[in-house]
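J.: I have a structure I would like to understand better, so I am pasting it below and will then ask my questions one at a time.
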Amino acid sequence: MIHVALFKKSESAPAPEPVAAPRDPQAKKNVPTPSRREAEAARRQRVNPSLSPKEARRRDREANYASRQRDLARQEDQPGRVLMRNLIDSRFNPAEIAMPVLLGVMALAFIPPLTPYIQWLLYLTWAFIAVIILDAFLMWRRFKILAAQRIPEAPLRGMLMYGFNRQMSFRRWRQPPPVIKRGESF
Numbered sequence: 243m244i245h246v247a248l249f250k251k252s253e254s255a256p257a258p259e260p261v262a263a264p265r266d267p268q269a270k271k272n273v274p275t276p277s278r279r280e281a282e283a284a285r286r287q288r289v290n291p292s293l294s295p296k297e298a299r300r301r302d303r304e305a306n307y308a309s310r311q312r313d314l315a316r317q318e319d320q321p322g323r324v325l326m327r328n329l330i331d332s333r334f335n336p337a338e339i340a341m342p343v344l345l346g347v348m349a350l351a352f353i354p355p356l357t358p359y360i361q362w363l364l365y366l367t368w369a370f371i372a373v374i375i376l377d378a379f380l381m382w383r384r385f386k387i388l389a390a391q392r393i394p395e396a397p398l399r400g401m402l403m404y405g406f407n408r409q410m411s412f413r414r415w416r417q418p419p420p421v422i423k424r425g426e427s428f
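Given below as structure tokens:
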């Protein structure tokens with residue numbers, strides 16, 4: 243019968259090196275030696291900390307936020323986007339006030355004394371939408387000229403919608419925030 247020592251150290255295996263710095267054998271220890279169970283639990287806690295569900299959600303939320311911010315910064319630092327942002331932020335855009343104007347026109351349509359004038363309100367609404375579309379067309383034309391001069395190698399795919407979305411948002415709510423004042427050249 244052959245006995246195999248499964249849990250015994252073999253004499254041929256090299257001994258592991260100590261992790262902690264050697265201490266003076268004559269010096270007293272300040273704390274008692276932890277039991278094996280305590281030492282293993284402490285090691286497990288260091289390697290894989292057990293968190294409360296609330297703490298785990300908080301850490302996940304912070305990690306996701308940091309990841310989104312890194313991705314957003316990498317995406318927003320493209321030269322085409324920087325040029326489009328500066329172009330939009332350097333001028334007044336009628337699309338900025340589109341939502342309040344259109345909501346106001348809609349509210350006026352519900353006032354009974356103005357019922358005979360609803361047709362004119364619709365004409366005003368369509369005229370305002372035409373002004374927004376014309377402004378977007380002129381903005382896109384100017385952007386293409388600037389892009390051809392400053393960043394000829396940058397792709398223009400998606401820049402029209404990016405610029406239009408930036409035009410539609412209120413200046414103070416734009417992300418990333420504007421760095422150029424209105425009327426300032428860039």
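Residue numbers (my numbering): 243 to 428.
Each residue gets a CB set at the ideal place from its N, CA and C atoms; glycine is no exception.
Using DSSP with H/G/I as helix, E/B as strand and the rest coil, what is Thr275?
T.: Reading the sequence shown from its first residue, position 33 is the one you call residue 275. In this structure, Thr275 counts as coil in the three-state DSSP scheme.
J.: Going by beta carbon distance, what residues of the same chain come within less than 6 Å of Met410, once the five residues before and after it are set aside?
T.: For the purposes of this step, residue 410 is identified with residue 168 of the sequence shown, where counting begins at 1. Ala337.
J.: Apart from the five residues just before and just after Met326, which ones in its own chain have a Cβ nearer than 8 Å to its Cβ?
T.: By 1-based counting over the sequence shown, the position of residue 326 is 84. The answer, listed in chain order, is Phe385, Met401, Tyr404, Gly405 and Arg408.
J.: Taking contact to mean at least 3 C-beta pairs separated by less than 8 Å, is the stretch 360-372 in contact with the stretch 279-296?
T.: Segments in contact, no.
J.: Near Ile374, which residues of its chain fall below 7 Å by C-beta distance, leaving aside the five closest residues on each side in sequence?
T.: Locating residue 374 in the sequence shown gives position 132, counting from the first residue. Pro336, Ala337 and Ala340.
J.: CB-CB under 6 Å to Arg279, same chain, minus the five flanking residues each way: which ones, in chain order?
T.: As a first step, residue 279 must be located in the sequence shown, where it is residue number 37. Excluding sequence neighbours, Arg279 sits near nothing in its chain.
J.: Quick one: grab the DSSP three-state call for Leu402.
T.: In the sequence shown, residue 402 corresponds to position 160, counting from 1. Correct three-state label for Leu402: helix.
J.: Decide if Asp331 is buried, meaning its Cβ has at least 16 other Cβ atoms within 10 Å, or exposed.
T.: Within the sequence shown, residue 331 is the residue found at index 89, counting from 1. Burial call: buried.
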